[in-house]
Each structure stands twice: as C-alpha cells, then as structure tokens.
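The structure under discussion appears below in the form of structure tokens.
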Amino acid sequence: MYLSSNNLTRAIPMEIGKLKGLWDLDLSENHLAGSIPATIGNLTNLRDLILFSNVLSGTIPPEIGNLKQFLTLGLSENNLEGSILATIELRVLELNNNQLNGIIPPEIVNLALLRIFYLSNNQFNGKLPYSISEMNSSLWVLNLNSNRFSGRIPEDLGKYTSQLAYVDLSNNTFSASNDNATDLPRELSINNFQYE
C-alpha cells in the first residue's frame, strides 16, 4: 500500500492491523500524527514499513519485533521518543531526526543482515557497544551524526567492518587512540576526533 505525499492527517488507525496480506506500507511525507499503532505487529507478511516525514510521536511499538519478514523500517523525521529495537532482522533501519534516546544496546549485533543504519540527529548517548564491530559481514552505511555519544570508538570498528562504505560519527564527543587510528575506515577522516 503506497500512500505517500497525499496530505493524510490524523492518526494511523488501529484497524491497519487487519490488513494481514500487506507486504509494503508506505505512508511517508504526510501529516500523520499520534503514535504508531501496536497492531502493525499483526502484519506478519510486512516487509517494508515507511513512515518518514510525518509528525508521529510516542515510542516504537515492541510488537514490530513480531514481524519475521521485515526488511526496512523507515521512521525518520518524526517526533518519536524512547529507545531502539534490536530484535528485528532488518536490512535498513532509518531513525534519524527524531527524539530517540538512550544507548545502543549490545544486542544490536543480532541485526546480522543490517546494511544501512541511520540514527543521526537524535539524543542517543553513552559509548558505542563493542558488538557493533561484529556486524562486519553486512553493514554498508553507519550514520550516528549529531547525538550525544562519547568514549572511545571500538578498536575493531575499522579492522573488521570491511564492507563499510560510509561512516559519519561527527558532532559527538568520540575519541580514538593513536594505536587504532590507522585501522579506522578512511571515511572517518571527516570527523574531528580527539586522539589519545
């Protein structure tokens, strides 16, 4: 179901969960408000959920974790709060430009098929989990720009994430040791790290 850019308003109805044959749901670039209904977790055939550029609020419903065919979760440019889910087998996770917070959980390594990972312009904090380096077989794009991350970059990030084509960790307070600086992906040169 593709209904992007239609000036849709109000909330996504709870009854959306009855459309169990849906493979793709694209309601992006509208004016939808309210929360994401938990009943979306009933859409067991859903592969792509695209809701970016609305005014959705509240948290990401954990029921989305029930979707076993899921490939793309695009929730950028809303007013979502809370933390991220790390229990879904996704290829694309785009959550940039929201009010999301907390840490990146170590369980992020469970997203073994993740290719594109956007968390920029949120309020995430803390250190990057070392398990993020273990996503080396799949991750192409990592964008954590403009959050509140701190601490050292995992030493193995550049050494083992051979598929990374683009990395943006700018506008945080990361540091990197001189010992592992040469192992970081070349694209990290766009960042202003403090070297220890």
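If you count by our numbering, then the sequence shown holds residues 657 to 852, one letter each, in order.
All C-beta atoms in this analysis are idealised placements derived from N, C-alpha and C, irrespective of residue type, glycine included.
Mind checking whether residue 692 and residue 717 have CB atoms under 8 Å apart? yes
Residue 735 versus residue 831 - alpha carbon distance: 29 Å
Residue 855 to residue 690, Cα distance in whole Å? In the structure as shown, the chain starts at 657 and stops at 852, and residue 855 therefore has no counterpart that could be examined.
Kindly give me the distance between the Cβ atoms of residue 775 and residue 757, rounded to whole angstroms, as I take these residues to be in contact under 8 Å. Between residue 757 and residue 775 the Cβ distance is about 11 Å, and since that is not below 8 Å, they are no contact.
Would you decide whether residue 806 is buried or exposed? Buried here means 16 or more other CB atoms lie within 10 Å of its CB. exposed
Can you tell me whether residue 662 is buried or exposed? The criterion is at least 16 other CB atoms within 10 Å of its CB, across all chains shown. exposed
Terminal residues of the beta strand (DSSP E) in which residue 781 lies: 779-782
Quick one: give me the first and last residue of the beta strand (DSSP E) that residue 734 is part of. Per DSSP, residue 734 belongs to no beta strand (DSSP E) and is neither H nor E.
Run through the region 657-697 for me and flag every whole beta strand (DSSP E) of 3 or more residues, listed as ranges in chain order. Fully enclosed beta strand (DSSP E) runs of 3 or longer: 680-682.
Since residue 705 sits in a beta bridge, which residues does DSSP pair it with? 681, 729
Hey, could you find the ends of the beta strand (DSSP E) residue 771 is sitting in? Unbroken run through residue 771: none, as it is neither H nor E.
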